[in-house]
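Right, one structure below, let's go through it.
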Amino acid sequence: MKIIPSFIELETGNGLSIHDLTKSIQQQIKLSGISNGTIAITTQHTTTALAINENEERLVEDIKVFFKNLIPADDKYLHNDIHLRDCPDDEPENAHSHLAAMLLGSSESIAIVNGELVLGQYQSVMLCELDGPRQRKISLQIIGE
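In this note's numbering, the protein residues as written are 8 to 152.
Here it is as structure tokens:
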């Protein structure tokens, strides 16, 4: 059994943006030479999340509106009291981003069969940027033979 670590890095969009990682992940699987096994995908940031869902333009817009309504950026959050915290001067008021990330989660584990991700017809692996734009890093651990 082999274990192959790798990373995907990308620049994300402003505010809340969704990025389809499926092709990039599939490329890393191909490079690994692993045909059958599992891939663990983890975001390295507390204001991003991973989700498996349909990457359809209108649904992506619905997702953005849903989170903006569920966790409004302009609500009162203790984390946003920057003057009361020991943090850098350029620290953003981003409690809403942390809360959304907790709801979505930071990792996914997906089976690999015959060198391909085992996903449904309309499923994509998506990085949800909740506090962009930023440079982001996603770790992959590909395990199998």
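We treat Cβ as the ideally placed atom computed from N, Cα and C, and that holds for glycine.
Asked: Would I145 and T45 qualify as a contact pair, given that the criterion is a beta-carbon distance under 8 Å?; Found: no
Asked: Could you give the residue range of the beta strand (DSSP E) that holds D138?; Found: S131 to G139
Asked: Do T19 and A108 have their CB atoms nearer than 8 Å?; Found: no
Asked: State yes or no: is the C-beta of L110 within less than 8 Å of the C-beta of Q33?; Found: no
Asked: Quick check: what's the CA-CA separation for I41 versus I59?; Found: 22 Å
Asked: Measure the beta-carbon distance from I48 to M133 and round it to whole angstroms, keeping in mind my assumption that it falls under 8 Å.; Found: Their Cβ separation, rounded to whole angstroms, is 11 Å, which puts I48 and M133 out of contact at 8 Å.
Asked: Take the Cβ of A118 as the centre, count every other Cβ of all protein chains shown within 10 Å, and call the residue buried at 16 or more, exposed below.; Found: exposed
Asked: State the DSSP-derived secondary structure class of E16, mapped to helix, strand or coil.; Found: strand
Asked: How many Å lie between I70 and L91 at the Cα?; Found: 32 Å
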